[in-house]
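Asker: Chains as they are written, first to last, in the working numbering: chain C, 9 to 354; chain Z, 9 to 354; chain P, 9 to 354; chain S, 9 to 354.
Every residue, glycine too, gets a C-beta built ideally from N, C-alpha and C.
Take a look at this one; I'll ask things after.
Protein chains: 4
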Amino acid sequence: MIPVAVIGASGYTGAELIRILARHPRVDLRVVTSRQYAGRPVAEVFPSLRGVCGLSFTAYEPAAICREVAAVFTALPHKTAIEVVAAFHEAGKKVIDLSADYRFGDADLYEAWYQEHSRRDLLARAVYGLPELNRAAIAEADIVGNPGCYPTGAILALVPLLRRGVVDLDRPLVVDAKSGTSGAGRAAAVGTLFCEVNDSFKAYKVGSHRHQPEIAEQLFLAAGCRPSVLFAPHLVPMNRGILSTIYVPLAAGPDLGDPLAVYEEFYRDEPFVRLLPAGELPVTSAVRGSNYCDLGFVPSPENGLLVVVTAIDNLVKGAAGQAVQNLNIMFGLEEELGLQTVPLYP
Amino acid sequence: MIPVAVIGASGYTGAELIRILARHPRVDLRVVTSRQYAGRPVAEVFPSLRGVCGLSFTAYEPAAICREVAAVFTALPHKTAIEVVAAFHEAGKKVIDLSADYRFGDADLYEAWYQEHSRRDLLARAVYGLPELNRAAIAEADIVGNPGCYPTGAILALVPLLRRGVVDLDRPLVVDAKSGTSGAGRAAAVGTLFCEVNDSFKAYKVGSHRHQPEIAEQLFLAAGCRPSVLFAPHLVPMNRGILSTIYVPLAAGPDLGDPLAVYEEFYRDEPFVRLLPAGELPVTSAVRGSNYCDLGFVPSPENGLLVVVTAIDNLVKGAAGQAVQNLNIMFGLEEELGLQTVPLYP
Amino acid sequence: MIPVAVIGASGYTGAELIRILARHPRVDLRVVTSRQYAGRPVAEVFPSLRGVCGLSFTAYEPAAICREVAAVFTALPHKTAIEVVAAFHEAGKKVIDLSADYRFGDADLYEAWYQEHSRRDLLARAVYGLPELNRAAIAEADIVGNPGCYPTGAILALVPLLRRGVVDLDRPLVVDAKSGTSGAGRAAAVGTLFCEVNDSFKAYKVGSHRHQPEIAEQLFLAAGCRPSVLFAPHLVPMNRGILSTIYVPLAAGPDLGDPLAVYEEFYRDEPFVRLLPAGELPVTSAVRGSNYCDLGFVPSPENGLLVVVTAIDNLVKGAAGQAVQNLNIMFGLEEELGLQTVPLYP
Amino acid sequence: MIPVAVIGASGYTGAELIRILARHPRVDLRVVTSRQYAGRPVAEVFPSLRGVCGLSFTAYEPAAICREVAAVFTALPHKTAIEVVAAFHEAGKKVIDLSADYRFGDADLYEAWYQEHSRRDLLARAVYGLPELNRAAIAEADIVGNPGCYPTGAILALVPLLRRGVVDLDRPLVVDAKSGTSGAGRAAAVGTLFCEVNDSFKAYKVGSHRHQPEIAEQLFLAAGCRPSVLFAPHLVPMNRGILSTIYVPLAAGPDLGDPLAVYEEFYRDEPFVRLLPAGELPVTSAVRGSNYCDLGFVPSPENGLLVVVTAIDNLVKGAAGQAVQNLNIMFGLEEELGLQTVPLYP
């Protein structure tokens with residue numbers, strides 16, 4: 009059993025990590041921290057976990073935690089995570105960071121969109137934790153920057169096409185993404201009150217969301233080219249799920265052939281990417297609660313476009329599930345362990 | 009008072025027409041027909057209308073109806089409407105048809121996407137009922153083809169830009185639209201059951217929805233150019249509302265200038281188009297139950313794109329409200345009559 | 009035109025008052041105050057009101073407000089309202105208070121459930137603003153305590169039965185009520201975040217909600233008897249609406265007869281109470297956005313019970329609409345003015 | 009591995025059985041039948057099950073099925089199940105029937121509320137499959153009538169109190185229950201369309217729902233007394249979950265003592281009943297997707313009532329999960345096998 013801790017476990021991502029880890033056959037969840045709830049039983053804060061997790065939240069005491077665990081999940085706000093990750097890393101622990109602080113290869117890019125990064129040395133060591141692209145590097149990593157929820161759905165759709173060289177790099181890639189509200193977190197805020205979100209729909213931060221540079225950089229790192237990306241997020245009145253509708257301009261030259269064949273070749277052995285037959289498009293309820301990424305597409309040859317649609321659960325493949333997938337890889341476990349939950353429909 | 013009938017009043021569009029007409033100060037709703045509910049009081053089928061509408065549904069008897077009314081709204085399925093509209097037209101009634109049967113200028117285009125059109129002569133007489141574009145023609149029309157819900161939101165966003173000549177016609181216009189579920193109608197179907205739609209999100213009919221040619225034709229008729237349009241509809245777990253996120257490729261040549269100024273000039277005197285200040289984007293709850301179209305935008309100069317976002321209530325500005333707006337114009341009434349309902353938030 | 013102000017207009021009740029008053033033909037809304045949003049246009053805070061209300065929120069400056077208006081709606085938190093109401097009252101303004109501060113006849117009861125009441129003199133002057141019971145007193149009142157949302161639905165169901173003397177006062181009345189989430193207000197709070205409420209259902213404050221003594225006292229004042237009331241509220245994942253399922257123990261002695269006849273006699277001339285035919289039960293969507301209270305029932309003679317079910321929109325008949333109804337009565341206007349909005353279905 | 013079949017697997021209960029059985033470590037799901045979808049892959053009809061269940065639906069061919077399996081789940085409409093269950097029983101298979109056809113001990117009662125029962129002999133053999141009450145009998149049974157969803161939540165709340173003899177049998181038990189919409193099934197119907205249910209709430213079949221006699225009979229069988237039960241179901245705009253608020257009249261005589269102690273004694277060793285601490289009430293999201301029944305209560309001594317609240321997932325503990333729990337018991341497996349899914353929150 010691998011003893012682990014979750015630092016900052018009182019948000020939706022933290023609760024989801026506990027949900028998954030509590031049933032992981034090779035992991036022993038020992039410590040969950042929360043400044044706000046320190047001292048209170050997990051089951052009291054999250055009644056869904058009554059009888060599932062017997063822990064109480066504790067304060068953040070790194071030395072004590074280090075004596076208990078071999079690996080740490082950090083589910084903290086951006087910026088806060090930088091030094092916490094560093095502390096555990098320096099204590100020799102494997103760290104999987106779910107903030108944005110260790111996702112960027114280019115520290116300047118991080119600083120342009122977030123704030124100063126006080127540990128550029130560690131940022132340079134961290135591996136971007138998208139197993140379908142970086143499995144080998146993750147296996148060797150001691151710090152994994154767990155991908156953003158939106159980037160996961162976009163990158164999985166785009167990299168196979170970019171590597172094929174069939175994308176017209178002179179035209180922008182448009183990623184029109186729609187997310188459930190858990191992506192906004194569990195902090196009290198007027199904008200995510202039930203009555204503000206229910207029975208309504210909106211776009212926000214079009215072209216200015218911080219996941220846009222993350223997507224762009226990973227496309228470059230994974231495919232070696234620098235497409236222009238316009239990212240347009242939207243808020244959906246649902247709890248979980250991201251559907252990304254991606255408009256891919258195809259190059260005039262090399263023919264793409266059958267997109268399904270391209271994806272099948274790329275994702276042949278992947279346990280968590282499900283390719284839909286031609287003519288079918290994903291729906292978020294089909295991945296709810298699971299680590300799957302469903303992928304479908306519609307060719308639009310008259311427009312020189314391929315429309316690719318992916319669906320993930322933002323809290324699972326977009327956050328906690330992918331983090332556990334990374335843990336499994338880092339510790340040489342079977343990659344699906346703890347992640348075989350069947351999607352909850354309806 | 010103008011005596012009117014609604015033919016096929018048992019769907020959501022029919023119920024919405026009754027809701028609006030019941031409070032219209034210059035309209036007297038005399039007849040509502042429904043094959044399914046003939047003989048039953050409206051208030052029994054639609055309890056919201058108890059005490060509001062004292063009528064009972066009747067069977068479709070055109071001769072009797074013609075003796076009662078001066079104008080007719082037809083809210084029938086496509087194809088069924090063709091001959092019904094013709095019958096009332098030939099009896100000298102003004103007709104506003106909410107199906108697709110009288111929306112197309114090009115009968116061949118209609119037939120390519122729907123079915124044979126048995127009254128091409130009348131189709132040629134019909135006016136596309138988008139008042140912001142065709143007010144003068146609507147005033148003279150005796151048959152109005154009321155626009156589709158999706159096309160309303162898309163066309164209002166695009167025509168001002170196309171007329172300015174700032175759109176790059178060599179690249180496709182992408183209309184990524186998200187609709188509430190009332191757009192799918194009130195017929196029993198598994199796909200629109202509560203549990204299939206709630207807490208979920210999906211794309212459907214990308215590139216193959218019948219509103220795509222309607223949008224394309226109206227852009228041509230209104231702006232004189234033939235942009236390529238890719239239309240991608242999505243289903244939102246909400247009752248009402250369409251949010252359209254439209255990716256407009258800008259031409260390299262003539263500078264667009266301030267998009268807000270362009271829209272302000274175009275919509276200066278329009279009572280139902282609300283332009284949002286720079287930096288704000290629409291939300292469907294802000295138009296719920298009203299005839300407004302809210303419009304905002306985000307420039308993306310690095311991608312050569314302008315992202316325009318519109319929000320309408322699909323049952324009001326996207327159907328019944330616009331139909332009543334057309335009626336007002338056809339009968340020389342003040343255009344806002346019966347349509348001043350304030351949006352219902354939250 | 010009656011010039012009015014809304015004090016504390018930035019919550020859901022405040023927004024709803026603006027929505028209704030903006031279209032009231034005899035009211036001129038002059039002032040809307042908000043500590044939080046002072047200086048900002050209403051249309052910026054509530055985009056639904058763009059083009060509807062041109063005012064900006066102002067700070068609370070009673071002297072200046074008194075120069076502008078003849079009547080005041082106070083939509084403030086409990087306790088805060090006490091002195092604000094007093095100030096306007098002493099300046100000779102009619103006041104309709106939407107807090108609980110002027111709802112109780114028994115000041116001790118108020119203090120037992122809320123806090124000390126610093127203006128018992130004014131509390132004694134205030135009239136409970138349920139027009140169906142207190143119309144004459146409201147017409148003479150200068151301070152109206154606008155009823156709570158839950159009490160409105162419960163009291164309208166119960167008073168006709170209590171006045172008939174058919175209720176068994178030795179057994180408790182059980183009011184099992186289910187409310188949409190707007191009843192919890194617009195303050196940021198974890199418990200009313202979208203993800204906490206959506207796709208979920210819960211009971212809360214069973215037997216300890218402050219509306220329980222309000223219901224009990226009004227039943228006593230209206231019917232002269234003191235039934236025992238158990239009030240059990242629940243939170244529904246919807247924006248608006250309260251459905252109250254009320255279990256009424258019937259006395260063995262005098263026969264109730266046909267409950268519908270009892271209600272018809274009581275509510276014969278009421279514009280906002282809609283009685284459903286035997287066998288039909290209300291649904292909240294049928295009253296959404298309107299000032300109606302729908303009422304139906306099911307006899308359960310084998311249990312000695314009559315089950316009465318009412319549906320209201322908690323923001324309209326349960327708050328802002330009823331407040332405007334009271335204003336109309338206080339100023340001798342036709343009672344339905346400004347309140348004829350048809351329910352928004354679906 | 010126990011080879012099993014699901015007969016009538018195309019509804020929500022069927023899909024849920026597949027979801028659970030697909031991950032059951034000791035069950036091999038061999039056959040799923042559906043008249044409507046015969047020949048189509050399960051993953052095509054239920055995209056959530058892609059990669060999870062490789063079967064295709066087949067037609068109902070009992071002889072062939074009997075050669076494959078040792079146990080059968082029947083998830084058919086009432087009446088249809090009677091002979092299907094009989095056929096498998098006579099072929100020596102263990103049968104767990106999820107319809108109402110084998111739930112009643114009193115065949116006359118069944119016939120009074122449903123229709124004629126053609127196999128009274130088998131009905132007499134069937135065991136009511138509520139493990140917390142009937143575990144020993146279930147272990148010996150060859151036909152189990154799986155409880156209704158509403159009865160499960162009501163009976164688990166009531167039996168411990170009835171057995172204690174603390175309930176006043178002269179006053180009615182009121183069960184005010186609120187169910188998610190999946191309880192209404194997956195058949196196309198106007199009443200369960202998204203727009204009819206979303207953002208709305210209603211009561212239905214108060215006092216006339218078929219689960220009322222089921223509850224009443226089981227209370228009698230389990231506790232030996234015949235309380236009067238009034239059952240009032242409501243429809244909640246959510247997918248899954250039943251919250252039952254139960255008003256229990258307490259007898260004047262023997263003191264109940266601490267209700268928590270009563271429940272703790274009764275449910276001490278039950279893996280799926282979670283008792284909440286005093287002062288906490290259940291919420292359906294805390295049991296979503298799990299086999300738990302959460303139970304809390306509020307005493308109301310001034311009314312002589314104890315209010316008990318239970319929450320279950322209607323598709324799991326209220327249907328498929330309980331059926332699998334019964335299977336485990338019938339085959340001598342550990343009772344929690346396949347049922348350890350953690351509730352999905354949010």
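Within the 9 Å Cβ cut-off, does C/V291 reach chain S?
Answerer: For C/V291, the answer is yes, since a Cβ of chain S falls inside 9 Å of its Cβ.
Asker: So within the segment 18-65 of chain C, which uninterrupted beta strand (DSSP E) runs reach at least 3 residues, ignoring any that extend past its ends?
Answerer: List check, beta strand (DSSP E) in window: 35-41.
Asker: Straight-line CA distance for P/G304 to P/L268?
Answerer: Cα to Cα, the separation comes out at about 8 Å.
Asker: Please report whether the beta-carbon of S/V60 lies at a distance below 9 Å from any beta-carbon of chain C.
Answerer: Yes, because at least one Cβ of chain C sits closer than 9 Å to the Cβ of S/V60.
Asker: Using the beta-carbon of each residue, which ones in chain Z are nearer than 9 Å to P/V350?
Answerer: Under the 9 Å cutoff, chain Z gives I26, R27, I28, A30, R31, S56, L57, V60, C61, T349.
Asker: As an exercise, report each continuous beta strand (DSSP E) stretch of at least 3 residues that is fully enclosed by the segment 288-340 of chain S, in chain order.
Answerer: Runs found: 301-308, 313-320.
Asker: Take P/E272 and list the residues in its own chain whose beta-carbon comes closer than 8 Å to its own, dropping the five residues that flank it on each side.
Answerer: Once the five neighbours on either side are set aside, the close Cβ partners of P/E272 are L283.
Asker: Any C-beta of chain P sitting closer than 9 Å to the C-beta of C/L201?
Answerer: Yes - at least one Cβ of chain P is within 9 Å of the one on C/L201.
Asker: Count the other CB atoms within 10 Å of the CB of C/G249; is the residue buried (16 or more) or exposed (fewer)?
Answerer: The residue is buried, with at least 16 neighbouring Cβ atoms inside 10 Å.
Asker: Among S/G59, S/A224, S/P180, whose alpha-carbon lies nearest the alpha-carbon of S/W121?
Answerer: S/W121 has its Cα closest to that of S/A224, out of S/G59, S/A224, S/P180.
Asker: Got a sec: which bits of the segment 9-24 of chain C sit with their beta carbon under 7 Å from any beta carbon on chain S, in order along the chain?
Answerer: From the segment 9-24 of chain C, only Y20, A23 have a Cβ closer than 7 Å to chain S.
Asker: So which residues of chain P does C/R194 contact, with C-beta pairs closer than 9 Å?
Answerer: Ordered by position in chain P, the residues that pass the 9 Å Cβ test against C/R194 are V198, L201, C203, E204.
Asker: Which of the residues in the segment 218-251 of chain C, read from start to end, lie with their CB under 8 Å from any CB of chain P?
Answerer: Residues P245, M246, N247.
Asker: Name the DSSP bridge partner or partners of C/S252?
Answerer: BP columns for C/S252 point to C/A185, C/T318.
Asker: With a Cβ-Cβ cutoff of 9 Å, do P/P139 and P/I146 count as a contact?
Answerer: Their beta carbons are under 9 Å apart, which means P/P139 touches P/I146 by this criterion.
Asker: Determine the chain Z residues that contact P/R282 at a beta-carbon separation under 8 Å, and present them in chain order.
Answerer: Going along chain Z in sequence order, the residues near P/R282 (Cβ under 8 Å) are R58, G59.
Asker: Note down, in chain order, all residues in the segment 113-146 of chain S with a beta-carbon under 8 Å from any beta-carbon belonging to chain C.
Answerer: For the segment 113-146 of chain S, which is checked against every Cβ of chain C, not one residue is closer than 8 Å.
Asker: Does Z/L177 get closer than 9 Å to chain C when you measure Cβ to Cβ?
Answerer: Z/L177 does not count as touching chain C.
Asker: Alpha carbon to alpha carbon, how far is C/V350 from C/G113?
Answerer: So the alpha carbons of these two residues sit roughly 34 Å apart.
Asker: Please tell me whether C/P354 has its Cβ less than 9 Å away from any Cβ of chain Z.
Answerer: For C/P354, the answer is yes, since a Cβ of chain Z falls inside 9 Å of its Cβ.
Asker: Count the other C-beta atoms from every protein chain shown that fall within 10 angstroms of the C-beta of S/E24, then say buried if there are 16 or more, exposed otherwise.
Answerer: Classification of S/E24: buried, given that the 10 Å Cβ count is 16 or more.
Asker: I need the DSSP call for P/A67, collapsed to helix, strand or coil.
Answerer: Here P/A67 sits in coil by DSSP.
Asker: For the segment 230-245 of chain P against the segment 325-332 of chain S, do three or more pairs of beta-carbon atoms, one drawn from each stretch, fall closer than 8 Å, so that the two count as touching?
Answerer: Taking 8 Å as the limit for Cβ pairs, the verdict is that the segment 325-332 of chain S does not touch the segment 230-245 of chain P.
Asker: The beta strand (DSSP E) with S/P241 in it runs from where to where?
Answerer: Taken as a continuous stretch (DSSP letters only), the beta strand (DSSP E) holding S/P241 covers 237-243.
Asker: Whose CA, out of P/V281, P/Y110, P/V53, P/P290, lies closest to the CA of P/Q333?
Answerer: Looking at the Cα atoms, P/V281 is the closest of the given residues.
Asker: Decide if S/A162 is buried, meaning its Cβ has at least 16 other Cβ atoms within 10 Å, or exposed.
Answerer: Label assigned to S/A162: buried.
Asker: I'd like the list of long-range same chain contacts for P/N206, defined as Cβ closer than 6 Å, with 5 residues on each side in sequence excluded.
Answerer: For P/N206, where only same-chain residues beyond five positions count, the Cβ hits under 6 Å are P245.
Asker: Can you pull the chain P residues whose beta carbon is under 9 Å from the beta carbon of Z/D207, in chain order?
Answerer: N206, D207, listed in chain order.
Asker: Could I get the ranges of all uninterrupted alpha helix (DSSP H) runs contained in the segment 176-225 of chain S, with 4 residues as the minimum, in chain order?
Answerer: Correct list: 202-205.
Asker: Can you tell me whether S/A259 is helix, strand or coil according to DSSP?
Answerer: Coil, per DSSP.
Asker: Once DSSP output is grouped into helix, strand and coil, what is the label at Z/T82?
Answerer: Three-state DSSP puts Z/T82 in a strand.
Asker: For P/K210 and S/L323, which I take to be in contact (beta-carbon distance under 8 Å), what is that distance rounded to the nearest angstrom?
Answerer: That pair is no contact at about 19 Å.
Asker: Residues in the same chain with beta-carbon distance under 8 Å from P/T189, minus the five sequence neighbours each way, listed in chain order, please.
Answerer: These residues qualify, in order along the chain: T200, V205, L243, V244, P245, M246, N247.
Asker: Enumerate in chain order the residues of its own chain whose CB-to-CB distance from Z/G215 is below 8 Å, with the five nearest sequence positions on each side excluded.
Answerer: Cβ within range, chain order: L238, F239, A240.
Asker: Name the two residues that bound the continuous alpha helix (DSSP H) containing C/R143.
Answerer: 139-148 is the extent of the alpha helix (DSSP H) around C/R143.
Asker: Quick one: what does DSSP say C/P285 is sitting in, helix, strand or coil?
Answerer: Reduced to three states, the DSSP call for C/P285 is coil.
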